[in-house]
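A.B. asks: With positions in the sequence shown counted from 1, the corresponding number in the numbering used here is that position plus 22.
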Amino acid sequence: MRNYFILDEEKFSNGEFGILAYFALSTKVLYLPEELSKSQRKKIDGLYNGVSEVSTFLIGQIGKNDKNKDKVSGAEILQYACDYIEEASEIIAGRVILVELKDNPKLINFYRENNFKLLKNSTENEEKLLQMIKII
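Below you can see the structure in the form of structure tokens.
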């Protein structure tokens with residue numbers, strides 16, 4: 023997992039150091055549920071409809087500095103993370119962004135508003151987290 027920081031450019035230009043937010047990125051294998059249709063599998067993989075797993079870019083965490091919470095929105099932090107991932111995908115390939123989250127309607131709506139889709143029938147993992155994906 024690699025952490026990235028979003029700095030307060032105003033403070034930085036004055037020689038100060040202020041963190042507005044952060045996000046963490048990694049890669050992870052996504053095991054596709056058996057119940058997933060062939061067309062859904064092909065859409066996720068991009069080539070084949072018989073795949074059972076795909077490599078993904080994982081957004082492990084996003085967060086804001088409470089002292090500066092009005093300077094950057096959650097959507098902006100998520101967009102920073104997606105921009106880094108899209109840049110990486112051009113170099114090393116990959117087409118799926120994954121987030122894992124607790125079953126919380128507010129979180130689910132946040133990611134839906136940012137073009138993530140809940141993976142239907144996602145297998146329960148150790149932490150019982152839901153999985154949402156975005157195809158690049």
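Think of the CB as a built atom: it goes at the ideal place given N, C-alpha and C, for glycine as much as any other residue.
It should be emphasised that the depicted structure is a prediction, and the values quoted were computed from it without experimental measurement.
Given this structure, state the Cα-to-Cα distance separating Tyr102 from Ile28, to the nearest angstrom.
C.D. replies: Cα-Cα distance, rounded: 8 angstroms.
A.B. asks: Look at the alpha carbon of Ile158 and the alpha carbon of Gly37, and state the distance between them as a whole number of angstroms.
C.D. replies: Answer to the nearest angstrom: the Cα atoms are 37 angstroms apart.
A.B. asks: Do the CB positions of Ile155 and Ile130 come within less than 8 angstroms of each other?
C.D. replies: Cβ atoms of Ile155 and Ile130: not closer than 8 angstroms.
A.B. asks: Return yes when the Cβ of Ile99 is within less than 8 angstroms of the Cβ of Phe132, no when it is not.
C.D. replies: Their beta carbons are not under 8 angstroms apart, which means Phe132 does not touch Ile99 by this criterion.
A.B. asks: Who does Gly85 pair with in a DSSP beta bridge?
C.D. replies: DSSP lists Tyr44 as partners of Gly85.
A.B. asks: Is the CB-CB distance between Tyr53 and Tyr106 below 8 angstroms?
C.D. replies: No, these two residues do not count as a Cβ contact at 8 angstroms.
A.B. asks: Using DSSP with H/G/I as helix, E/B as strand and the rest coil, what is Asn136?
C.D. replies: Looking at Asn136 - three-state DSSP - the assignment turns out to be coil, as it is neither helix nor strand.
A.B. asks: Do you know offhand how far Phe79's Cα is from Ser48's?
C.D. replies: Taking the straight line joining both Cα atoms gives about 6 angstroms.
A.B. asks: Going by DSSP, what residue range makes up the beta strand (DSSP E) through Glu112?
C.D. replies: Where Glu112 is concerned, there is no enclosing beta strand (DSSP E), although the alpha helix (DSSP H) it sits in stretches over 96-114.
A.B. asks: Kindly indicate which residue of Glu75, Lys65, Gly40 has the alpha-carbon position closest to the one of Asn90.
C.D. replies: Answer by Cα proximity: Gly40.
A.B. asks: Based on Cα-Cα distance, which residue from Arg134, Asn136, Lys139, Glu122 lies nearest to Lys150?
C.D. replies: The shortest C-alpha separation from Lys150 is found at Glu122.
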